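*Asks:* So that we are looking at the same thing, I have put the structure below in structure tokens.
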Amino acid sequence: MPDMRQTENESTPAVVFDNVIYSYDGVKNALRGIDLDFESGDFIAILGGNGSGKSTLAKHINALFVPDAGRVIVAGLDTSDPDNIFLVREHAGMVFQNPDNQMVTSVVEEDIAFGPENLGLSPEEIRSRVDEALKTVAMQDYARSVPHNLSGGQKQRIAVAGILAMRPEIIVLDEPGAMLDPRGRRGVRRLMRELNEAGITIILITHFMEEAVLADRVVVLYEGHLVMSGTPDEVFSDEEKLRTYKLEVPFTIKFGNLLRERGIEIEKTISTEVLKGELCRLRSTM
Ligand SMILES: Nc1ncnc2c1ncn2[C@@H]1O[C@H](COP(=O)(O)OP(=O)(O)OP(=O)(O)O)[C@@H](O)[C@H]1O
Ligand SMILES: [Mg+2]
């Protein structure tokens, strides 16, 4: 895949949250003082139980929400400055949790063309981006379909295509696997990896551990607080904290622990490949 970055400025962090507070009703804080910075080119997974604040955080990254207090800086742009809103959205594309919110026209290919049209691109460029995006999500056969007649998973693919056609530097995906079948999920996983390898910063909200382990960094939200941050190995090996924050302990960690309880010396790992290697090593010493 070609390098799809629009700028080469590696030193500007992709996203910075500086003590961000946000509340929907003025009483209950959905975000209670979030500090984070995501490096450009990183693949980040955001985890947390229902209602922990993940979608609220995501909507701050494309300036749909602005903080009640604190600041969000995307590609060096302060999202609370109204002059920056369109620029922020050019830099950071978002695939929403509910794809119905993302459909704006009555024909799939027009829907995908909507973003690039707003960027003021030539008709030829728009056509080629729409075709490429449809092909990337394996939805070429649905170019002339009515978006509202598609299944949830198909709509999600179209929403991903709409963002790809804009070629943003940062892509935020809010549970893209939720409506997809296992094959569709594998497709999106592969696509996220390819996009990340092409230099795009990927911020993925997910409930699936097998998606989170692909990330360079995992952050965990709990009741509007950022409570864990680290590599997948660091975050997923802290079973006690995972339970406290209502997260599932990955199978590889649970299985390793069961073996260790029985006195079998095996490395603690989240990787199925490493676990497989360890089991083969043990077998060869038996
Ligand atoms: N439109 C809204 N109006 C009022 N409160 C809201 C609204 N949307 C979310 N909230 C509240 O804000 C908090 C965070 O919600 P958010 O949608 O960010 O959670 P989430 O982590 O994305 O959850 P899920 O895993 O279910 O998608 C929750 O307590 C929720 O009830
Ligand atoms: Mg959500």
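Each residue of the sequence shown is one higher than the last, beginning at 207 in the working numbering.
Here a beta-carbon is modelled for each residue, glycine too, at the ideal position from N, C-alpha and C.
In this text, all values refer to a predicted model and were calculated from it rather than measured experimentally.
Just verifying my parser: in three-state terms, what is the DSSP assignment at Thr407?
*Replies:* strand
*Asks:* Comparing the CB of Gln308 with every heavy atom of ligand 2, is any distance shorter than 7 Å?
*Replies:* no
*Asks:* Please determine, among Ala371, Leu340, Pro374, the residue with the shortest C-alpha to C-alpha distance to Gln360.
*Replies:* Leu340
*Asks:* Does the beta carbon of Ser261 fall short of 7 Å from some heavy atom of ligand 2?
*Replies:* yes
*Asks:* Does the beta-carbon of Gly368 have 16 or more other beta-carbons within 10 angstroms, so that it is buried, or is it exposed?
*Replies:* buried
*Asks:* Tell me, please, whether the region 373-386 touches the region 404-414 by the rule of three or more beta-carbon pairs shorter than 8 Å.
*Replies:* yes
*Asks:* Taking the CB atoms as reference points, tell me whether Phe244 and Val278 lie closer together than 8 Å.
*Replies:* no
*Asks:* Does the pairing of the region 252-270 with the region 230-242 give three or more beta-carbon distances under 8 Å?
*Replies:* Yes: the two stretches touch, three or more of their Cβ pairs being nearer than 8 Å.
*Asks:* Within its chain, find whatever has a CB closer than 8 Å to the CB of Pro322; leave out the 5 residues flanking it on each side and keep chain order.
*Replies:* Glu331, Ile332, Arg335, Val336, Ala371, Met372
*Asks:* Determine, using beta carbons only, whether Ala220 and Ile376 come nearer to each other than 8 Å.
*Replies:* yes
*Asks:* Run through DSSP, which three-state label would Met415 get?
*Replies:* helix
*Asks:* Provide the residue span of the alpha helix (DSSP H) that contains Val310, from first to last.
*Replies:* Unbroken run through Val310: none, as it is neither H nor E.
*Asks:* Ligand 1 and Ser258: does the residue's C-beta get closer than 7 Å to at least one heavy atom of that ligand?
*Replies:* Yes, Cβ of Ser258 sits closer than 7 Å to a heavy atom of ligand 1.
*Asks:* Do Pro417 and Arg395 have their C-beta atoms within less than 8 Å of each other?
*Replies:* One point to set straight first is that residue 417 is Glu, not Pro, in the sequence displayed. Result yes, Cβ atoms of Glu417 and Arg395 sit closer than 8 Å.
*Asks:* Shortest alpha-carbon distance to Thr218 belongs to which of Leu283, Glu296, Met434?
*Replies:* Each of Leu283, Glu296, Met434 was checked against the Cα of Thr218, and the nearest Cα belongs to Leu283.
*Asks:* Does the beta carbon of Asp231 fall short of 7 Å from some heavy atom of ligand 1?
*Replies:* yes
*Asks:* Using only alpha-carbon positions, find the residue among Arg423, Glu315, Lys452 that is nearest to Ile252.
*Replies:* Arg423
*Asks:* Can you say whether Leu488 is buried or exposed, counting buried as having 16 or more other CB atoms within 10 angstroms of its CB?
*Replies:* Exposed is the label assigned to Leu488, since fewer than 16 other Cβ atoms lie within 10 Å of its Cβ.
*Asks:* Looking at ligand 1, does it come within less than 7 Å of Gly239, judged from the CB to the closest heavy atom?
*Replies:* Relative to the non-hydrogen atoms of ligand 1, the Cβ of Gly239 never comes closer than 7 Å to any of them.
*Asks:* Under 8 Å by Cβ, that's how I've got Ala281 and His297 pegged, so tell me the actual separation to the nearest angstrom.
*Replies:* His297 and Ala281 do touch by the CB rule: their CB atoms are close to 4 Å apart, below 8 Å.
*Asks:* Hey, would you say the C-beta of Lys452 is under 7 Å away from at least one heavy atom of ligand 1?
*Replies:* no
*Asks:* Which ranges does the alpha helix (DSSP H) cover as unbroken runs of at least 4 residues, wholly within the region 300-375, from first to last along the chain?
*Replies:* 314-324, 329-342, 358-370
*Asks:* From the DSSP secondary-structure annotation, give me the bridge partner or partners of Ile472.
*Replies:* In the DSSP output, where bridge partners are listed per residue, Ile472 has none listed.
*Asks:* Ile250 and Ala365 - do their beta-carbons sit closer together than 8 Å?
*Replies:* no
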